[in-house]
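In our numbering, the protein residues as written are 47 to 328.
Beta carbons are placed, not taken as given, at the ideal position from N, Cα and C, and that holds for glycine.
Please read these numbers as outputs of a predicted model, since none were measured by experiment.
Let me begin by presenting the structure, written as structure tokens, before commenting on it.
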Ligand SMILES: [Ca+2]
């Protein structure tokens with residue numbers, strides 16, 4: 047082999063090594079998950095949300111109560127790709143004997159089929175379902191991290207443009223794929239985010255596990271934050287649990303991934319549902 051050939055071989059080897067390193071870097075977030083777990087498919091109906099860190103809070107619009115933007119690190123977890131449906135919730139009641147104290151006529155009015163998201167649930171109903179399903183409610187940080195779908199500092203689960211919102215979300219009014227004016231849509235009718243999650247914006251507000259406090263972001267722990275120990279009290283009452291994502295009855299501003307809603311845990315609303323998460327296997 048002459049010198050030129052040897053140089054070419056060395057150059058090729060170096061290029062291949064650099065390529066391998068750069069591929070490694072681009073997959074960095076995903077490599078933090080135990081490879082054994084990646085080989086296992088996610089549980090049915092769930093998506094893997096890889097371990098990583100993100101800047102939680104609003105980067106663009108000074109969204110009230112979503113500041114300061116702060117770093118949060120999360121372990122990997124699985125999340126339901128869809129909101130829990132009326133059909134799933136009825137199965138839970140049938141199999142567990144759970145005493146649902148809501149009114150099915152109310153549910154039927156805004157979520158008329160088994161494939162629509164369950165609504166008129168209290169936070170306790172959502173907790174009971176989650177436990178029965180061997181899952182739990184997401185923390186507020188997990189919810190926002192998952193909703194962002196790996197995008198950095200964006201406004202919505204699909205990035206920043208409100209002009210395409212109706213490709214991804216059922217919210218107030220109609221247009222494009224959004225044909226639902228006075229009700230939720232059956233789950234999974236819109237485009238998913240980059241983690242494969244549907245309806246993270248719009249359709250129904252989703253209960254999180256956390257108590258709500260508007261000042262929590264000022265002193266949130268960095269690693270796997272669980273929310274404040276108690277909920278904020280208001281002139282009108284409280285404490286409340288966190289709601290996220292906006293609903294079929296929300297303005298586009300509530301679809302913002304950083305937007306923080308809240309509800310008395312005992313209250314039932316036509317716009318409130320939930321989805322579950324679960325831990326990675328040991
Ligand atoms: Ca709509």
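Should residue 288 and residue 308 be called a contact, given that it needs their Cβ atoms to be closer than 8 Å?
Residue numbering aside, residue 288 sits at position 242 when the chain shown is read from its first letter. Residue numbering aside, residue 308 sits at position 262 when the chain shown is read from its first letter. Yes; because the gap between Cβ atoms is below 8 Å, this pair is in contact.
Indicate, with yes or no, if ligand 1 has a heavy atom lying under 7 Å from the CB of residue 294.
Indexing the chain shown from 1 puts residue 294 at position 248. True, at least one ligand heavy atom lies under 7 Å from that Cβ.
Rounded to the nearest angstrom, what separates residue 127 and residue 89 at their Cα positions?
Position 81 of the chain shown holds residue 127. Position 43 of the chain shown holds residue 89. Computed Cα separation, rounded: 11 Å.
Taking the straight line between their C-alpha atoms, what separation do you get for residue 300 and residue 120?
Within the chain shown, numbered from 1, the residue matching residue 300 stands at position 254. Within the chain shown, numbered from 1, the residue matching residue 120 stands at position 74. Cα-Cα distance, rounded: 24 Å.
Can you tell which of 193, 122, 226, 222 has the C-alpha that lies nearest to the C-alpha of residue 96?
As a working note, residue 96 is residue 50 in the chain shown. It is 122.
Would the stretch 234-251 count as touching the stretch 192-203 if we require 3 or more Cβ pairs under 8 Å?
Result yes; three or more Cβ-Cβ pairs closer than 8 Å.
Rank 279, 165, 124, 105 by C-alpha distance to the C-alpha of residue 249 and give the top, closest one.
Locating residue 249 in the chain shown gives position 203, where the first residue counts as 1. Of the listed residues, the one whose Cα sits closest to residue 249 is 165.
Going by the DSSP bridge assignment, what does residue 269 pair with across the sheet?
If you number the chain shown from 1, residue 269 lands on position 223. Its beta-bridge partners are 119.
Which word fits residue 258, buried or exposed, when buried means at least 16 other C-beta atoms lie within 10 angstroms of its C-beta?
Along the chain shown, read from residue 1 onward, the residue named residue 258 stands at position 212. Buried, since its Cβ has 16 or more Cβ neighbours within 10 Å.
Would residue 184 be called buried (16 or more neighbouring beta carbons within 10 Å of its own) or exposed?
Sequence index remark: in the chain shown, residue 184 carries index 138 (1-based). Answer is buried; the Cβ neighbour count reaches 16.
Output needed for residue 322: all residues of its chain with C-beta closer than 8 Å, excluding positions within five of it in sequence on either side, in chain order.
To locate residue 322, count along the chain shown from 1; it is residue 276. Closer than 8 Å at the Cβ level, and outside the excluded window around residue 322, lie 125, 126, 130, 175, 176, 179, 181, 182, 183, 184.
Do residue 244 and residue 236 have their CB atoms nearer than 8 Å?
Counted from its first residue, the chain shown places residue 244 at position 198. Counted from its first residue, the chain shown places residue 236 at position 190. Yes.
Grouping DSSP H, G and I as helix and E and B as strand, with all else coil, what is residue 139?
Walking along the chain shown from the start, residue 139 turns up at place 93. Residue 139 falls in the helix class under three-state DSSP.
Can you tell me whether residue 163 is buried or exposed, with buried defined as 16 or more other CB within 10 angstroms of its CB?
Residue numbering aside, residue 163 sits at position 117 when the chain shown is read from its first letter. Classification of residue 163: buried, given that the 10 Å Cβ count is 16 or more.
Using the Cβ count rule (16 or more neighbours within 10 Å means buried), how would you classify residue 93?
In the chain shown, the residue the question calls residue 93 occupies position 47. With 16 or more Cβ atoms within 10 Å of its Cβ, residue 93 is classed as buried.
Would residue 107 and residue 201 be called neighbours here (beta carbons separated by less than 8 Å)?
For the purposes of this step, residue 107 is identified with residue 61 of the chain shown, where counting begins at 1. For the purposes of this step, residue 201 is identified with residue 155 of the chain shown, where counting begins at 1. Yes; because the gap between Cβ atoms is below 8 Å, this pair is in contact.
State the DSSP-derived secondary structure class of residue 107, mapped to helix, strand or coil.
Here residue 107 is taken as the residue at index 61 of the chain shown, counted from 1. Three-state DSSP puts residue 107 in coil, outside helix and strand.
State the Cα-Cα distance for the pair residue 279 and residue 247, rounded to the nearest angstrom.
Looking up residue 279 in the chain shown gives position 233. Looking up residue 247 in the chain shown gives position 201. For residue 279 and residue 247, the distance between alpha carbons rounds to 27 Å.
What does residue 94 pair with, by DSSP beta-bridge criteria?
Here residue 94 refers to the residue found at position 48 of the chain shown. DSSP lists 124 as partners of residue 94.
From the DSSP output, which residues share a beta bridge with residue 163?
The residue given as residue 163 occupies position 117 in the chain shown. Residue 163 pairs with 131.
Just to check my reading of the structure: residue 294 and residue 217 have Cβ atoms closer than 8 Å, yes? What is that Cβ distance to the nearest angstrom?
On the chain shown, residue 294 is found 248 positions in, with the first residue counted as 1. On the chain shown, residue 217 is found 171 positions in, with the first residue counted as 1. Residue 294 to residue 217, Cβ: 6 Å. Contact.
In this structure, how does DSSP classify residue 78 when only helix, strand and coil are distinguished?
The residue you call residue 78 lines up with position 32 of the chain shown. Bear in mind that the predicted position of residue 78 carries a pLDDT of just 42, short of 50, making it too unreliable to give a figure here.
Going by beta-carbon coordinates alone, are residue 190 and residue 109 separated by less than 8 Å?
Stepping through the chain shown from its first residue, residue 190 is reached at position 144. Stepping through the chain shown from its first residue, residue 109 is reached at position 63. The answer is no: Cβ separation not under 8 Å.
Quick check on this structure: which residue in 86, 231, 100, 256 has the alpha carbon closest to the alpha carbon of residue 269?
Here residue 269 refers to the residue found at position 223 of the chain shown. Considering only alpha carbons, the answer is 100.
Can you look up residue 297 in the DSSP assignment and give me helix, strand or coil?
As a first step, residue 297 is located in the chain shown; it is residue number 251 there, counting from the start. DSSP places residue 297 in coil when its eight states are reduced to three.
Among 168, 146, 172, 187, whose alpha-carbon lies nearest the alpha-carbon of residue 310?
Position 264 of the chain shown holds residue 310. When only C-alpha atoms are compared, the closest one is 168.
Could you work out which residue in 146, 326, 157, 118 is closest to residue 98 when comparing CA atoms only?
Looking up residue 98 in the chain shown gives position 52. Out of 146, 326, 157, 118, 118 has the C-alpha closest to the C-alpha of residue 98.
When we look at the beta-carbon of residue 209 and count the other beta-carbons within 10 Å, is it buried (16 or more) or exposed?
Indexing the chain shown from 1 puts residue 209 at position 163. Classification for residue 209: exposed.
Measuring CB to CB, does residue 219 end up less than 8 Å from residue 227?
The count along the chain shown starts at 1 and reaches residue 219 at position 173. The count along the chain shown starts at 1 and reaches residue 227 at position 181. Yes, they are a contact pair.
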